[in-house]
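Heads up: the structure comes next, in structure tokens.
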Amino acid sequence: MHMDKIALVGLGAMGIGMARNMLKSGLAVTGIDISAERRALFVEDGGNVAESLQDLAGTLDAVFVMVNEAEHMEAALFTNGAASRMRRGSVVVSTSTLPPSYIASCAARLGELGIGMVDSPVSGGEKGAAGGTLTLMLSGRKSDIEKVRPALDAVSKKVFDVGEDPGMGSKMKVLHQHLASTHIALTVEALGMCRKSGVDPKLFYEIVTHSAGNSFLFEYFGKFLVDNDFFPYSSINTSEKDLRLVVELARELDYPAEIATKAYEQFLHAKEKGLGKESSIATIQLFPVDWTH
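For what it's worth, the numbering used here labels the leading residue of the sequence shown as 35, then goes sequentially.
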């Protein structure tokens, strides 16, 4: 089936960048979001928009979903019957970071309707989404992947095929977030201890970035912290959610994940203190250190 019409559900920071790159590549894309403000941004780019998937589901060849939580995907596809209106042979592509077990459940339900599913979580953040340089970790039937290949190519620089089993791509992403989110927590903890001990955090940052303890994420988020740049490039809400998925997967596997659990509890505590929308490095506020000077 030639892919003529696509919808992308979720025009947030990630989704709108992906939709724009699909549009630039010549694909016919409709952006779907409950926010009139987000829809207006995509209209300015020349895209078509809708408030929900329900009314146009039957006209689409593929639906990409980029949302924050499983309940958002559930609402978009199943609650109002949008999936049941989609054509047999069409494909749903989940680019979100969601529980692998939920993705497997979605694939099974969509399969009963004759709809394919590609599990394709992404890495690269807002910058990668805007630049079309995301890394994709995709799983699904080869035939379904090929149907949506033009759209995948439009948003990515690197694509890893991790198998055909539903949820395998999401397992890969959750495991990736195990490393990514704990790196952020460790970065904040270490730099806070620097300040508390009288060590210059900027000097420590310079030394680490030229030493064995460095990592991409320390270099990236550590720079924001030493520069007092608390713009939420990544939010506490996101880090809490990602580590929640890690802890849930570990529980399902009966696998000890003590470091991830401690980091999760820290982000959860920050979220409960009302810091959810702030930068992931704003957890520095939980430590007994003055970071204001």
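We put the beta carbon where it would ideally sit given N, CA and C, even for glycine. In this text the structure is predicted, and so the values were computed from the model without any measurement.
query: So, are the CB atoms of Ser-314 and Pro-235 less than 9 Å apart?; result: no
query: Take Leu-57 and list the residues in its own chain whose beta-carbon comes closer than 7 Å to its own, dropping the five residues that flank it on each side.; result: Val-63, Asp-79, Gly-80 and Gly-81
query: Less than 9 Å between the beta carbons of Ala-104 and Leu-132, yes or no?; result: yes
query: Measuring only the C-alpha atoms, how far is Gly-123 from Leu-111?; result: 16 Å
query: Return the chain-ordered list of same chain residues with a C-beta closer than 6 Å to the C-beta of Tyr-239, the five sequence neighbours on each side being excluded.; result: Gly-256 and Val-260
query: Looking at Asp-288 and Ser-204, is the spacing between their C-beta atoms short of 9 Å?; result: no
query: Among residues of its own chain, excluding the 5 on either side of Leu-168, which ones have a beta-carbon nearer than 6 Å to its beta-carbon?; result: Val-156, Gly-158, Gly-162, Val-189 and Ser-190
query: Going by the DSSP bridge assignment, what does Met-151 pair with across the sheet?; result: Val-126
query: Can you give the Cα-Cα distance for Ser-118 and Ile-149, rounded to whole angstroms?; result: 9 Å
query: Should Arg-183 and Asp-324 be called a contact, given that it needs their Cβ atoms to be closer than 9 Å?; result: no
query: Can you look up Leu-45 in the DSSP assignment and give me helix, strand or coil?; result: coil
query: What residues are listed by DSSP as bridge partners for Asn-82?; result: Thr-64
query: So Thr-283 packs on Val-208, CB below 8 Å; how close in whole Å?; result: Inspection of the sequence shows that residue 283 is occupied by Leu rather than by Thr. The pair is a contact, with the Cβ atoms about 5 Å apart (cut-off 8 Å).
query: Comparing C-alpha positions only, which one of Tyr-254, Leu-170 and Glu-198 sits nearest to Lys-192?; result: Leu-170
query: Who does Leu-172 pair with in a DSSP beta bridge?; result: Asp-195
query: Can you tell me which of Arg-54, Asp-38, Ile-137 and Met-227 puts its alpha carbon nearest to the alpha carbon of Leu-45?; result: Arg-54
query: Where do the N-terminal and C-terminal ends of the alpha helix (DSSP H) with Val-260 fall, by residue?; result: 250 to 260
query: Can the beta-carbon of Val-99 be found less than 9 Å from the beta-carbon of Val-125?; result: no
query: Determine the burial state of Pro-290: buried for a count of at least 16 other Cβ atoms within 10 Å of its Cβ, exposed for fewer.; result: exposed
query: Locate the beta strand (DSSP E) running through Val-97, then write down its first and last residues.; result: 96 to 99
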